[in-house]
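Below is one structure, written out as structure tokens; comments come after it.
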Amino acid sequence: IGMQQDLQIKLYESALEYAKQAGRLVLEHMGNTGRIEQKKNASDLVTEVDRMSEMLLRNQIQQEYPGHWILSEEDSCQANAYEIFKRQKSGYGWIIDPIDGTTNFIHGIPHFSISIGIVKDGKPIIGIVYNPVTNELYTARKSKGAYLNGKLIRVGKELQLAEAVLATGFHANDWNSGSRLVRQIDQIAGKSRNVRIIGAASLDLCWIASGKLTGLWHEGLNPWDTAAGILILTEAGGCVTDKEGNPYRLYHDSLVASNSLIHKEFLETIKL
Ligand code: 2AM
Ligand code: CA
Ligand code: CA
Ligand code: CA
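Numbering-wise (the working numbering), the sequence shown opens with residue 297 and increments by one.
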């Protein structure tokens, strides 16, 4: 047990160091993103900086932890890594988003993160989400609480949707005027305090964990968007499910996250 604890502390310190290095790199290139490429469509973008940040993180991990698997957004072998990840039931793995909130990054909106989640035997044990512009560093270790820049954080105390500020997000290519999200916003906007679309799911989860937001609902997220944030949120007292209220899994699920207190009313209100 002692040795496992030591290893987890070492992993945590490594992840922290890598996130800060990647953060510094990304920050240096703000306003100078290099070539911007379209992935699947005009709103699905990747820059040279996403790839540089990813290379930095992957190289560091591979050097220091050669036995660990890595799942990351811009990896050219990502489809393979995804299959391995889904079958992987043992060992340590790193789930990485080199920039979460690329559209914000490209437009100079100071709201994006480097997100690093570490799982052991399929379960999240370490989460790091770092916004290098505002210097917000969110961290969590399993059963050890969640922290913002070293200070313990807790979810907000809002009891009802009427007091809640909720976030969502969407992929512009999925948008149409009759889509589920449009109907959900129609249902919930007048019942909650307000709704926000801020553009980085990892930070949305951390903002619930630190009591700024009360909830988030989102479809089409990937493990690299959520692996770190859900540990940070649950360690801060929050709750994460799919839209039916089942425990959230890291892939192929809708996501509904909250301060726990409003969760039931939240689920009922966005159900369609
Ligand atoms: P990204 O910036 O790393 O792509 C915004 O609501 C959230 O959804 C962000 O975390 C963003 O991550 C992700 N996202 C935005 N567009 C996406 C797309 N077309 N496919 C998958 N994820 C996307
Ligand atoms: Ca992306
Ligand atoms: Ca992302
Ligand atoms: Ca990304």
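The beta-carbon is built from N, C-alpha and C at its ideal position, and this holds for glycine as well.
I380 burial status per 10 Å Cβ neighbour count (16 or more: buried):
exposed
Does the pairing of the segment 450–468 with the segment 482–489 give three or more beta-carbon distances under 8 Å?
Pairwise C-beta distances place the segment 450–468 in contact with the segment 482–489, as three or more of them are shorter than 8 Å.
Among S439, E370, K508, I414, which has the Cα closest to the Cα of V451?
K508
Would you mind sorting A375 into buried or exposed? The rule is 16 or more other CB atoms within 10 Å of its CB.
A375 sits exposed, since fewer than 16 C-beta atoms from the chains shown fall within 10 Å of its C-beta.
Mind checking who K447 pairs with in its DSSP beta bridge?
L444
Cβ-Cβ separation, L444 to P394 (assumed contact under 8 Å), whole Å:
About 22 Å separates the two Cβ atoms, so there is no contact after all.
Please tell me whether, using a cut-off of 7 Å, the distance from the CB of T343 to the nearest non-hydrogen atom of ligand 2 is below it.
no
What residues in its chain sit with their C-beta under 7 Å from that of A485, if we drop five residues either side in the sequence?
V491
Can you name the residues that DSSP bridges to N355?
Partner(s): none; N355 has no beta bridge.
Would you call the segment 381–390 in contact with the segment 325–337, where contact means no fewer than 3 C-beta pairs closer than 8 Å?
no
Return the CA-CA distance between H403 and S349, expressed in angstroms with no decimal places.
18 Å
Sufficient close CB pairs (3 or more, under 8 Å) joining the segment 405–425 to the segment 464–483:
no
The alpha helix (DSSP H) enclosing W549, as first and last residue numbers
Here residue 549 turns out to be Asp, not Trp, going by the sequence shown. Taken as a continuous stretch (DSSP letters only), D549 belongs to no alpha helix (DSSP H), as it is neither H nor E.
Alpha carbon to alpha carbon, how far is I456 from R479?
The sequence shown places Gln at residue 456, not Ile. Cα to Cα, the separation comes out at about 21 Å.
Please work out which residues of its chain come closer than 7 Å, Cβ to Cβ, to V342, disregarding the five sequence neighbours upstream and downstream, and give them in chain order.
E333, K335, E370, T398
Minimum C-alpha distance to Y434 - residue among R545, K560, E531, L551
E531
Examine ligand 4 and report whether any of its heavy atoms sits within less than 7 Å of the Cβ of D396.
yes
Measuring only the C-alpha atoms, how far is S556 from I494?
21 Å
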